Amino acid sequence: MINPVSRNIFRMFVLVLFQVLVLNNIQVCGYINPYMYVLFILLLPFETPRWLLLISGFVIGISIDLFVNTPGMHTSATVFMAFLRPYVLKILRPHDEYKSGSYPRLYYYGFTWFLKYSLVLVFLHHTFLFYVEAFRMTFFFHTMLRVLLSTLFSVFLIVLSQFIIYRKQK
Amino acid sequence: MRNLLRIIIAYHFQILFVILEVISIFLLLNQNDFQKARFLNITHNITGRVYKKINNTTAYLTLKKINYRLAEENTKLKNILERTYRSDEIFFFGESDSLHHQHYFYTSAKVINQTVNKQHNFLTLNKGSNVGIRPEMGVVSRDGVIGIVVSVSKQFSTVISLLNLDFRVSAKLAKNNYFGSLHWDGKDYRKVKLDEIPYHIDVNKGDTVVTSGYSSIFPEGIIIGTVCTSEVKGGNFYEIEVDLSIDFKSLVYIEVISNLQREEQIELEELSND
Numbered sequence: 107m108i109n110p111v112s113r114n115i116f117r118m119f120v121l122v123l124f125q126v127l128v129l130n131n132i133q134v135c136g137y138i139n140p141y142m143y144v145l146f147i148l149l150l151p152f153e154t155p156r157w158l159l160l161i162s163g164f165v166i167g168i169s170i171d172l173f174v175n176t177p178g179m180h181t182s183a184t185v186f187m188a189f190l191r192p193y194v195l196k197i198l199r200p201h202d203e204y205k206s207g208s209y210p211r212l213y214y215y216g217f218t219w220f221l222k223y224s225l226v227l228v229f230l231h232h233t234f235l236f237y238v239e240a241f242r243m244t245f246f247f248h249t250m251l252r253v254l255l256s257t258l259f260s261v262f263l264i265v266l267s268q269f270i271i272y273r274k275q276k
Numbered sequence: 273m274r275n276l277l278r279i280i281i282a283y284h285f286q287i288l289f290v291i292l293e294v295i296s297i298f299l300l301l302n303q304n305d306f307q308k309a310r311f312l313n314i315t316h317n318i319t320g321r322v323y324k325k326i327n328n329t330t331a332y333l334t335l336k337k338i339n340y341r342l343a344e345e346n347t348k349l350k351n352i353l354e355r356t357y358r359s360d361e362i363f364f365f366g367e368s369d370s371l372h373h374q375h376y377f378y379t380s381a382k383v384i385n386q387t388v389n390k391q392h393n394f395l396t397l398n399k400g401s402n403v404g405i406r407p408e409m410g411v412v413s414r415d416g417v418i419g420i421v422v423s424v425s426k427q428f429s430t431v432i433s434l435l436n437l438d439f440r441v442s443a444k445l446a447k448n449n450y451f452g453s454l455h456w457d458g459k460d461y462r463k464v465k466l467d468e469i470p471y472h473i474d475v476n477k478g479d480t481v482v483t484s485g486y487s488s489i490f491p492e493g494i495i496i497g498t499v500c501t502s503e504v505k506g507g508n509f510y511e512i513e514v515d516l517s518i519d520f521k522s523l524v525y526i527e528v529i530s531n532l533q534r535e536e537q538i539e540l541e542e543l544s545n546d
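Read top to bottom, the protein sequences are chains A and B. According to our numbering, the first sequence is numbered sequentially starting from 107. According to our numbering, the second sequence is numbered sequentially starting from 273.
Listed below in structure tokens is the structure:
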């Protein structure tokens with residue numbers, strides 16, 4: 107079995123490439139702009155040290171930024187999201203604690219839990235990202251609409267990917 | 273030192289978050305033109321406000337100096353004004369001049385003495401025959417009719433005021449051109465009487481009264497005042513009280529009107545009277 111570190115690094119590469127090559131070319135109605143690369147942060151193991159969480163958020167954010175040529179925009183949003191991940195996990199903790207050896211995935215904690223988990227974090231990430239992108243309060247509701255629609259689409263893709271990729275394991 | 277280290281270790285997550293976030297925001301503001309422009313715009317707004325406040329405060333400190341300079345300038349301007357109006361320059365404006373037949377000729381002058389509280393009031397102007405003022409010229413201001421020149425010297429002229437029991441002028445209602453005779457009853461310096469308006473005419477409060485232009489002294493349509501009260505008194509005519517539009521107590525600069533075709537008109541009228 108490949109060790110978790112290299113598996114995560116491999117996943118990061120795949121997600122960045124998928125985001126840059128495929129998803130960035132999708133823009134429906136001028137509103138829907140899915141950002142699926144945040145899946146990387148979502149899927150990091152529970153045991154990940156928190157500083158590593160932030161660093162990984164920074165790294166994946168800046169690699170997206172370098173491709174899109176918006177230095178700092180995705181970085182700040184992803185770091186923000188990585189920062190909030192431990193707190194969200196704490197709030198969404200199931201009755202019995204997170205089991206050791208498990209991962210924050212649909213397979214281990216069920217569809218509802220994963221949906222909530224990804225919905226909250228993706229929404230936070232998108233809110234930060236879109237408001238930084240707009241960088242003004244004038245179009246507050248317009249930006250909010252973009253946030254909501256993109257969040258829905260991103261979460262849809264993320265959940266879908268979980269069904270497709272991890273069904274076979276175990 | 274150890275405590276500091278302990279704090280850093282205890283809060284390493286938050287501290288690292290702040291550091292990374294600061295780095296990315298720094299990148300964002302420096303590398304993205306739009307965000308950079310917006311950021312500068314916002315900060316300039318804030319600093320601009322601060323500068324404005326400071327400027328407002330410092331302006332107070334220099335007020336004394338500014339006041340002094342303004343007073344100085346005012347004095348200078350007043351002197352210029354004085355020279356201008358005391359001088360014998362003529363200010364005139366054309367009227368009814370459609371075919372090079374200028375009908376009226378205006379000369380500006382300043383009131384240097386006047387009374388309003390007698391029964392026979394007169395004004396004295398600072399210009400006389402040396403600038404072409406002659407007896408029987410009309411005197412008006414922007415607000416209305418003032419009177420008629422009665423006598424002139426070289427430098428000065430006296431004007432019989434509208435507020436004089438001997439003064440009569442032909443006036444009409446602006447809305448329907450019915451004309452009558454206007455005179456003062458010697459009571460209130462703000463009110464005059466208009467007679468000889470036939471009683472079948474509809475007269476309302478607020479109707480404008482203007483000169484009729486029949487007297488060959490005043491042009492037609494110079495405002496006199498507005499109707500205050502009107503009542504029919506024994507006979508076929510209204511007795512109308514008119515509020516003067518001009519305030520005789522605040523006269524300064526006025527205009528003397530000379531009718532350039534007056535001689536011709538009077539000559540003709542006398543010819544037909546004979």
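The beta carbon of each residue, even a glycine, is placed where N, CA and C say it ideally should be. This structure is a prediction, so every number in the text was calculated from the model and none was measured.
Local conformation of TYR510 (chain B) per DSSP, three classes
Stepping through the second sequence from its first residue, residue 510 (chain B) is reached at position 238. DSSP places TYR510 (chain B) in strand when its eight states are reduced to three.
Compare the beta carbon distance of GLY478 (chain B) and THR498 (chain B) with 7 Å and say whether it is the shorter of the two.
Here residue 478 (chain B) refers to the residue found at position 206 when the second sequence is read from its first residue. Here residue 498 (chain B) refers to the residue found at position 226 when the second sequence is read from its first residue. Result yes, Cβ atoms of GLY478 (chain B) and THR498 (chain B) sit closer than 7 Å.
Given ASP467 (chain B), which residues of its chain have a CB within under 7 Å of its CB, disregarding the five upstream and five downstream residues?
In the second sequence, the residue the question calls residue 467 (chain B) occupies position 195. Cβ neighbours of ASP467 (chain B) beyond the five flanking positions: GLY452, SER453, PHE509, GLU511.
Less than 7 Å between the beta carbons of ILE529 (chain B) and TYR378 (chain B), yes or no?
Start at 1 with the first residue of the second sequence, and residue 529 (chain B) comes out as number 257. Start at 1 with the first residue of the second sequence, and residue 378 (chain B) comes out as number 106. Contact: yes.
Examine chain A for any beta-carbon lying closer than 7 Å to the beta-carbon of ILE518 (chain B), and answer yes or no.
Position 246 of the second sequence, counted from the start, is the residue given in the question as residue 518 (chain B). Closer than 7 Å: no.
Select from the region 163-192 of chain A all residues with a C-beta closer than 9 Å to any C-beta belonging to chain B, and list them in chain order.
GLY163, PHE164, GLY167, ILE168, ASP171, ASN175, THR176, PRO177, GLY178, MET179, HIS180, THR181, SER182, ALA183, THR184, VAL185, PHE186, ALA188, PHE189, PRO192
Would you say ARG252 (chain A) lies against chain B (beta-carbon separation less than 7 Å)?
Within the first sequence, residue 252 (chain A) is the residue found at index 146, counting from 1. Cβ-Cβ to chain B under 7 Å: no for ARG252 (chain A).
So, is the C-beta of LEU160 (chain A) closer than 7 Å to a C-beta in chain B?
Taking the first sequence and counting its residues from 1, the one referred to as residue 160 (chain A) is at position 54. Output row for LEU160 (chain A): interface = yes.
Chain-order list of residues whose beta-carbon lies under 8 Å from that of VAL475 (chain B) (same chain, five-residue window excluded)
Numbered from 1 along the second sequence, position 203 holds the residue referred to as residue 475 (chain B). Hits under 8 Å: LEU445, ILE469, VAL499, SER502, TYR510, ILE512.
Under a three-way DSSP split, which group does GLU408 (chain B) fall into?
Here the question's residue 408 (chain B) lines up with position 136 in the second sequence. Three-state result, GLU408 (chain B): coil.
Contact set for LYS447 (chain B): own chain, Cβ-Cβ below 8 Å, skip 5 residues either direction:
The sequence position of residue 447 (chain B) within the second sequence is 175, counting from 1. Around LYS447 (chain B): ASP479, THR480.
Using a 10 Å radius around the Cβ and a threshold of 16 neighbouring Cβ atoms, would you call GLU535 (chain B) buried or exposed?
Mapped onto the second sequence, residue 535 (chain B) falls at position 263. Under this definition GLU535 (chain B) is an exposed residue.
Identify, in the order they occur along the chain, each residue of the same chain with its Cβ nearer than 7 Å to the Cβ of ARG191 (chain A), setting aside the five sequence neighbours on each side.
Taking the first residue of the first sequence as 1, we reach residue 191 (chain A) at position 85. Taken in chain order, the residues that qualify are ILE147, LEU159, LEU227.
Would you mind reading off the limits of the alpha helix (DSSP H) that contains TYR297 (chain A)?
A question about residue 297 (chain A) goes unanswered here, because the residues of chain A that appear run from 107 up to 276.
Less than 7 Å between C-beta atoms, sequence neighbours within five positions excluded: which residues of the same chain meet that for LYS325 (chain B)?
If you number the second sequence from 1, residue 325 (chain B) lands on position 53. No residues qualify anywhere along the chain.
How big is the Cα-Cα spacing for ARG274 (chain B) and TYR332 (chain B)?
For the purposes of this step, residue 274 (chain B) is taken as residue 2 along the second sequence, with counting starting at 1. For the purposes of this step, residue 332 (chain B) is taken as residue 60 along the second sequence, with counting starting at 1. Straight-line Cα distance between these residues: approximately 53 Å.
Check whether the region 205-222 of chain A and the region 169-185 of chain A are in contact - that is, three or more C-beta pairs closer than 8 Å.
no
How about ILE279 (chain B): is its C-beta nearer than 7 Å to some C-beta of chain A?
For the purposes of this step, residue 279 (chain B) is identified with residue 7 of the second sequence, where counting begins at 1. Output row for ILE279 (chain B): interface = no.
Cα separation between ALA188 (chain A) and ASN327 (chain B)?
Numbered from 1 along the first sequence, position 82 holds the residue referred to as residue 188 (chain A). Numbered from 1 along the second sequence, position 55 holds the residue referred to as residue 327 (chain B). So the two alpha carbons sit approximately 46 Å from each other.
Does DSSP put SER206 (chain A) in a helix, a strand or coil?
Within the first sequence, residue 206 (chain A) is the residue found at index 100, counting from 1. Reduced to three states, the DSSP call for SER206 (chain A) is coil.
Go ahead and pull the three-state DSSP assignment for GLN386 (chain B).
As a first step, residue 386 (chain B) is located in the second sequence; it is residue number 114 there, counting from the start. GLN386 (chain B) falls in the strand class under three-state DSSP.
Measuring straight from C-alpha to C-alpha, what distance separates GLN268 (chain A) and LYS222 (chain A)?
As a working note, residue 268 (chain A) is residue 162 in the first sequence. As a working note, residue 222 (chain A) is residue 116 in the first sequence. Their Cα atoms are separated by approximately 14 Å.
Counting only beta-carbon atoms, is GLU492 (chain B) nearer than 7 Å to chain A?
Locating residue 492 (chain B) in the second sequence gives position 220, counting from the first residue. With 7 Å as the cut-off, GLU492 (chain B) does not count as an interface residue toward chain A.
So with Cβ pairs under 7 Å, would you call PHE234 (chain A) a contact of chain B?
Taking the first sequence and counting its residues from 1, one reaches residue 234 (chain A) at position 128. So, not an interface residue.
Measure from the alpha carbon of VAL126 (chain A) to the alpha carbon of each residue in A:GLY163, A:ILE168, A:PHE152, then state which is nearest.
For this step, residue 126 (chain A) is matched to residue 20 along the first sequence. Measuring from the Cα of VAL126 (chain A), the nearest candidate turns out to be A:ILE168.
So VAL185 (chain A) is in the beta strand (DSSP E); what residue range does that whole segment cover?
Numbered from 1 along the first sequence, position 79 holds the residue referred to as residue 185 (chain A). Careful: VAL185 (chain A) lies outside any beta strand (DSSP E), inside the alpha helix (DSSP H) at 179-197.
Mind listing the chain B neighbours of ARG156 (chain A)? Cutoff is C-beta to C-beta under 7 Å, in chain order.
For the purposes of this step, residue 156 (chain A) is identified with residue 50 of the first sequence, where counting begins at 1. What ARG156 (chain A) touches in chain B: PHE285.
Is there contact between the region 197-208 of chain A and the region 128-145 of chain A, where contact requires at least three CB pairs shorter than 8 Å?
no
What does ILE297 (chain B) touch in chain A if you count any residue whose Cβ is under 8 Å from its own?
Taking the first residue of the second sequence as 1, we reach residue 297 (chain B) at position 25. Under the 8 Å cutoff, chain A gives GLY178, SER182.
As a quick exercise: from B:TYR471, B:ILE518, B:PHE490, B:TYR525, pick the residue whose alpha carbon is nearest that of GLY506 (chain B).
As a working note, residue 506 (chain B) is residue 234 in the second sequence. For GLY506 (chain B), the nearest C-alpha among the options comes from B:TYR471.
Taking Cβ-Cβ distances shorter than 8 Å, what residues in chain B pair up with VAL238 (chain A)?
What you label residue 238 (chain A) is simply residue 132 of the first sequence in a count that begins at 1. For VAL238 (chain A), the neighbours in chain B by C-beta distance under 8 Å run, in chain order, LEU300, GLN307.
Element boundaries [alpha helix (DSSP H), containing PHE146 (chain A)]
Here residue 146 (chain A) corresponds to residue number 40 of the first sequence, with the count starting at 1. Start and end: 145-149.
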